[in-house]
Amino acid sequence: MGSNHKVAILGAGIIGLSTALELQRRFPNCDVTVIADKFNMDTTSDGAAGLFEPSPNFMGPDLETTKEWIRYSYDHYAGLLSENCGVQVINGYNLAKSEKQCAENHYLKPVLPVYKRMSEEELAEIGPGDWKYGIYMSTLVIPNRIFLPWCMQKFKAAGGKVIEKYISSFSELGSEYNTIFNCTGLGARTLCNDMHVIPVRGQTIRIVHNYGHGGYGVTSAPGSARCAVSVFEQSHKASYNGAPT
Numbered sequence: 005m006g007s008n009h010k011v012a013i014l015g016a017g018i019i020g021l022s023t024a025l026e027l028q029r030r031f032p033n034c035d036v037t038v039i040a041d042k043f044n045m046d047t048t049s050d051g052a053a054g055l056f057e058p059s060p061n062f063m064g065p066d067l068e069t070t071k072e073w074i075r076y077s078y079d080h081y082a083g084l085l086s087e088n089c090g091v092q093v094i095n096g097y098n099l100a101k102s103e104k105q106c107a108e109n110h111y112l113k114p115v116l117p118v119y120k121r122m123s124e125e126e127l128a129e130i131g132p133g134d135w136k137y138g139i140y141m142s143t144l145v146i147p148n149r150i151f152l153p154w155c156m157q158k159f160k161a162a163g164g165k166v167i168e169k170y171i172s173s174f175s176e177l178g179s180e181y182n183t184i185f186n187c188t189g190l191g192a193r194t195l196c197n198d199m200h201v202i203p204v205r206g207q208t209i210r211i212v213h214n215y216g217h218g219g220y221g222v223t224s225a226p227g228s229a230r231c232a233v234s235v236f237e238q239s240h241k242a243s244y245n246g247a248p249t
C-alpha cells in the first residue's frame, strides 16, 4: 500500500489515536490524518480513570474477540511501562460482601501476572467491612492526561497529520480519502446510524467503525484498534486481489 492511499481517522480520543498508531505501525507508507474538533483535555477519554479492569459484563462483537482485545491491549500497555507515557503498575483488591462474581473477573484472571483469590484470613486482615469474597491483583493504570499527548506526539513524529475540524457528515470529506475510520465515540450518534459503505462524489469510500466501547475504551483501545486495522487490511486485499505493499 503506497503513500498515495489516504486515510482519515475521525476522533482524537483513546480509540482514535490508538487506531492511528496501529495503522502507522502496520502500514507505515499510508498517508494518515487525524481529524477532530476536540483534543487531549477536551476529549471524553481525558475523564477516564484509566484503570485496566474491564467489567465482566463487557462484550465486543463476540466473546472470543473481546478476550483477544483485552489480552492484546494488556500486552500493548505493559510493553510501554518503560516509556515516559504515564502507564504504571497498580496493585489492589476487588472485594464483595454477598456474591463471588462481584469480586471476580473472568477476563482478567488469564491476563494479569498476579490474580489471586483471597482466603478468609486475608479478608479479615483487610479491616472493617465484613468482606466475604476478594481478589488481590496487579494491573495497570493508563492516565490519559499523560497518555493522549504522548500518543499524539508519536503519531506526528511518524509523519501523521492533524486537522482541527468538526465533521457532521462523511460527505464533508469528499473524495479526498480512500478510507475513513470512524472513531468519534459519542459523536457517532449524530454522525451516522448505519454500518454501510456510502458513495461520495462518485467514489466509494470505505468506512471502518470503531466508536469506543461503553466506558471501557482505555481497556479495549489497542485491541479494538488492531481489529479495525485488520478489517481495513482484509477489505483492501479483497478489493485489489493482493496483499498491501
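In terms of the working numbering, the sequence shown opens at residue 5 and continues consecutively. By construction, the Cβ of each residue, glycine as well, lies at the ideal position given by its N, Cα and C atoms. Keep in mind the model is a prediction, meaning the values are calculated, not measured.
Quick one: what's got a C-beta closer than 8 Å to residue i's C-beta in the same chain, skipping five residues either side?
{"i": "Ile94", "result": "Leu55, Ser142, Thr143, Leu144 and Val145"}
{"i": "Ile108", "result": "In the sequence as displayed, the identity of residue 108 is Glu instead of Ile. Here the set comprises Pro60, Asn98, Arg121, Tyr137 and Ile139."}
{"i": "Tyr170", "result": "Asp41"}
In angstroms, rounded to a whole number, what distance separates the CA positions of residue i and residue j?
{"i": "Phe43", "j": "Gly17", "result": "7 Å"}
{"i": "His110", "j": "Ile39", "result": "36 Å"}
{"i": "Asp41", "j": "Glu168", "result": "5 Å"}
{"i": "Ala82", "j": "Leu116", "result": "10 Å"}
{"i": "Asn186", "j": "Ala162", "result": "21 Å"}
{"i": "Arg29", "j": "Ser179", "result": "25 Å"}
{"i": "Pro58", "j": "Gly15", "result": "22 Å"}
{"i": "Thr23", "j": "Ile184", "result": "11 Å"}
{"i": "Glu124", "j": "Gly96", "result": "17 Å"}
{"i": "Glu176", "j": "Gly133", "result": "56 Å"}
{"i": "Ile13", "j": "Ile19", "result": "10 Å"}
{"i": "Glu72", "j": "Asp66", "result": "10 Å"}
{"i": "Ala128", "j": "Phe174", "result": "57 Å"}
{"i": "Pro226", "j": "Lys158", "result": "15 Å"}
Can you name the start and end residues of the beta strand (DSSP E) that residue i belongs to?
{"i": "Lys71", "result": "Counting along the chain, Lys71 falls outside any beta strand (DSSP E), though it belongs to the alpha helix (DSSP H) covering Leu67 to Ala82."}
{"i": "Leu14", "result": "Lys10 to Leu14"}
{"i": "Gly138", "result": "Tyr137 to Val145"}
{"i": "Gln92", "result": "Gln92 to Ala100"}
{"i": "Tyr119", "result": "Val118 to Arg121"}
{"i": "Glu168", "result": "Lys165 to Glu168"}
{"i": "Ile115", "result": "Ile is not the amino acid found at residue 115; the sequence shown has Val there. Element bounds for Val115: n/a, residue is neither H nor E."}
{"i": "Ala40", "result": "Asp35 to Ala40"}
{"i": "Phe185", "result": "Thr183 to Asn186"}
Less than 6 Å between C-beta atoms, sequence neighbours within five positions excluded: which residues of the same chain meet that for residue i?
{"i": "Leu21", "result": "Cys155"}
{"i": "Glu87", "result": "none"}
{"i": "Ala100", "result": "Cys106, Ala107 and Tyr137"}
{"i": "Val166", "result": "Val38"}
{"i": "Gln92", "result": "Val145"}
So the candidates are the options; which of them puts its Cα closest to the Cα of residue i?
{"i": "Pro60", "options": "Tyr140, Lys113 and Gly133", "result": "Lys113"}
{"i": "Asn148", "options": "Cys89, Pro32, Ala100 and Glu129", "result": "Cys89"}
{"i": "Pro32", "options": "Ala128, Lys160, Gly15 and Leu14", "result": "Lys160"}
{"i": "Glu26", "options": "Lys71, Glu57, His80 and Glu72", "result": "His80"}
{"i": "Gly164", "options": "Thr37, Leu14, Tyr119 and Thr23", "result": "Thr37"}
{"i": "Leu85", "options": "Phe151, Gln157, Glu176 and Ser175", "result": "Phe151"}
{"i": "Ser172", "options": "Gln92, Val166, Glu125 and Thr188", "result": "Thr188"}
{"i": "Met45", "options": "Tyr170, Ile19, Ile130 and Pro153", "result": "Pro153"}
So the alpha helix (DSSP H) residue i belongs to, where does it begin and stop?
{"i": "Lys160", "result": "Asn148 to Ala161"}
{"i": "Thr23", "result": "Ile18 to Arg30"}
{"i": "Leu177", "result": "Taken as a continuous stretch (DSSP letters only), Leu177 belongs to no alpha helix (DSSP H), as it is neither H nor E."}
{"i": "Leu127", "result": "Glu124 to Ile130"}
Who are the near neighbours of residue i in its chain, counting only those whose CB is closer than 7 Å to its CB and skipping five residues on each side?
{"i": "Tyr119", "result": "Leu112, Lys113, Ile139 and Met141"}
{"i": "His200", "result": "At His200 the pLDDT is 42, less than 50, meaning the model places this residue with poor confidence; the figure from the coordinates comes in the next sentence. Excluding positions up to five away in sequence, the list is empty."}
Touch check for the region 101-108 and the region 67-83: three-plus C-beta pairs under 8 Å?
-> no
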